[in-house]
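The numbering used here runs 502 ahead of the 1-based position in the sequence shown.
Positions of the beta carbon are idealized from the N, C-alpha and C atoms, including for glycine.
Every value quoted in this text rests on a predicted model; they were computed, and no experiment measured them.
To start, the structure itself, in structure tokens.
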Amino acid sequence: MDMQWLDDVLALLEEGNMTRAAARRNITQPAFSRRIRSFEDWLGTPVIDRKTNRIDISPALQSNEVEIRALMSRMKELRTKIAHHDAAASTIAISAQHAPVYSTFPDMALRARTAFPQVRFRVRPGNLSDCVALFLRGDTNMLLCYEAEGAMTLQFGPNVVRGRWGNDYLIPVVGGALRYTIRDSGTLPSDTPAIVYPENSSFGALLHKRERPFGTQAHSANPVCETAFSSGIREMVLNGLGVGWLPFSMAYREIETGDLISLANRLGQEPLEVAVYADSKNDMAASLLELWAK
Numbered sequence: 503m504d505m506q507w508l509d510d511v512l513a514l515l516e517e518g519n520m521t522r523a524a525a526r527r528n529i530t531q532p533a534f535s536r537r538i539r540s541f542e543d544w545l546g547t548p549v550i551d552r553k554t555n556r557i558d559i560s561p562a563l564q565s566n567e568v569e570i571r572a573l574m575s576r577m578k579e580l581r582t583k584i585a586h587h588d589a590a591a592s593t594i595a596i597s598a599q600h601a602p603v604y605s606t607f608p609d610m611a612l613r614a615r616t617a618f619p620q621v622r623f624r625v626r627p628g629n630l631s632d633c634v635a636l637f638l639r640g641d642t643n644m645l646l647c648y649e650a651e652g653a654m655t656l657q658f659g660p661n662v663v664r665g666r667w668g669n670d671y672l673i674p675v676v677g678g679a680l681r682y683t684i685r686d687s688g689t690l691p692s693d694t695p696a697i698v699y700p701e702n703s704s705f706g707a708l709l710h711k712r713e714r715p716f717g718t719q720a721h722s723a724n725p726v727c728e729t730a731f732s733s734g735i736r737e738m739v740l741n742g743l744g745v746g747w748l749p750f751s752m753a754y755r756e757i758e759t760g761d762l763i764s765l766a767n768r769l770g771q772e773p774l775e776v777a778v779y780a781d782s783k784n785d786m787a788a789s790l791l792e793l794w795a796k
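This is how it looks when you write it as structure tokens:
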């Protein structure tokens, strides 16, 4: 199959007209029509209904436009990989929760690049369920996530190996003008605004289970914003929009400078493990896990 046929088909889908599609592809309308017929011959079925004064694009072609675009993208990526192949380089795809992408992955990448100078990373951030799905489908070689200390680890097949990068803590912090509402006892008024996690998020489920104040809507008298993105919570807390819970690794610099104040002594903290899962069938992923889990 000539790959330009797919570009022709996409032009036809977008224009909905043979003449406009041909002009867009910089060829004559008869030549464009012949290329569409060649595609139909390869496909073994017509994709347009040719009538006297117009054409109708088949519903089957229209409903698969997303798949055609995805195929084109994968083919272009493959062509680039082959054209720029470096035998000494390896690209590792990692699905990672948003929080560890910000808090721990930079240090992990630096250590990896020291040991394996040619390694490259393709990080695909998301919530935990999406990251697990990417890893299970084989779209990524590794999975980076936070897990509550002592909780059951994620269960995968025998080819998946788990390692631990290190420990962290989920702590409540306050910043901006709200720092000055802390009482002498180290507490805050119960109606202090809060930036909370959804209860169906990994951090939200943990904070809700532990009934931590200001963690979720159920345990906050004045939740002003709900989001699963820890980096967003960090910025809002720094600006004094509300109290929020953050991994210590995301907040320690600001705690040292006084821009954030930790409330862990009064409200408690939740121990976390930074977990890394790898497909042991991928040599580089297995090597990185061994490096990171030390």
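Answer yes or no: do Gln771 and Tyr648 have a C-beta to C-beta separation smaller than 7 Å? Along the sequence shown, read from residue 1 onward, the residue named residue 771 stands at position 269. Along the sequence shown, read from residue 1 onward, the residue named residue 648 stands at position 146. Cβ distance not < 7 Å, so Gln771 and Tyr648 don't count as in contact.
Starting from Gln506, follow the beta strand (DSSP E) in both directions and report where the run begins and ends. In the sequence shown, residue 506 corresponds to position 4, counting from 1. Here Gln506 belongs to no beta strand (DSSP E); instead the alpha helix (DSSP H) covers 506–517.
Using C-beta distances below 6 Å, list every residue in its chain close to Ala513, excluding the 5 sequence neighbours before and after it, in chain order. For the purposes of this step, residue 513 is taken as residue 11 along the sequence shown, with counting starting at 1. These residues qualify, in order along the chain: Ala523, Arg526, Arg527.
Under a Cβ-count criterion, where at least 16 other Cβ atoms within 10 Å of its own Cβ denotes burial, should Ser565 be classed as buried or exposed? For the purposes of this step, residue 565 is taken as residue 63 along the sequence shown, with counting starting at 1. That one is exposed.
Assuming Ser482 contacts Ala601 (C-beta within less than 8 Å), just tell me the rounded distance between them. Any question about residue 482 goes unanswered here, given that the chain covers just 503 to 796.
Which ranges would you report for the beta strand (DSSP E) in the stretch 754–778 if only whole runs of at least 3 residues count? 762–764
Since Ala696 contacts Phe716 with CB under 8 Å, what's their CB separation in whole angstroms? Here the question's residue 696 lines up with position 194 in the sequence shown. Here the question's residue 716 lines up with position 214 in the sequence shown. Rounded, the Cβ-Cβ distance is 4 Å, consistent with contact.
Along the beta strand (DSSP E) that carries Thr593, what are the first and last residues, could you check? Start at 1 with the first residue of the sequence shown, and residue 593 comes out as number 91. Counting along the chain, the beta strand (DSSP E) containing Thr593 begins and ends at 592–599.
Who pairs with Tyr671 in a beta bridge, going by DSSP? The residue you call residue 671 lines up with position 169 of the sequence shown. In DSSP, Tyr671 forms a bridge with Pro773.
Sub-7 Å separation of Ser592 and Met786 beta-carbons: Taking the first residue of the sequence shown as position 1, residue 592 is located at position 90. Taking the first residue of the sequence shown as position 1, residue 786 is located at position 284. Yes. Within cutoff.
Helix, strand or coil: how does DSSP classify Ala589 here? By one-based count along the sequence shown, residue 589 stands at place 87. Any reading at Ala589 needs caution, since the residue's pLDDT is 45, under 50, leaving its predicted position unreliable; the model's value is listed next. Residue state, collapsed to three classes: coil.
Measuring only the C-alpha atoms, how far is Leu791 from Gly652? If you number the sequence shown from 1, residue 791 lands on position 289. If you number the sequence shown from 1, residue 652 lands on position 150. For Leu791 and Gly652, the distance between alpha carbons rounds to 21 Å.
So Met644 is in the beta strand (DSSP E); what residue range does that whole segment cover? Along the sequence shown, read from residue 1 onward, the residue named residue 644 stands at position 142. First-last of the beta strand (DSSP E) with Met644: 644–650.
Rounded C-alpha distance that separates Met520 from Trp507: Numbered from its first residue, the sequence shown carries residue 520 at position 18. Numbered from its first residue, the sequence shown carries residue 507 at position 5. Going by the C-alpha atoms only, they are around 14 Å apart.
In whole angstroms, give me the CA-to-CA distance for Asn669 and Tyr699. By one-based count along the sequence shown, residue 669 stands at place 167. By one-based count along the sequence shown, residue 699 stands at place 197. Straight-line Cα distance between these residues: approximately 21 Å.
Cβ-Cβ distance between Ile798 and Gly746 below 7 Å: No information on residue 798 is available, as it lies outside the stretch 503 to 796 that the chain covers here.
Can the beta-carbon of Asn629 be found closer than 7 Å to that of Ala595? Within the sequence shown, the letter at position 127 stands for residue 629. Within the sequence shown, the letter at position 93 stands for residue 595. Going by C-beta atoms, Asn629 is not nearer than 7 Å to Ala595.
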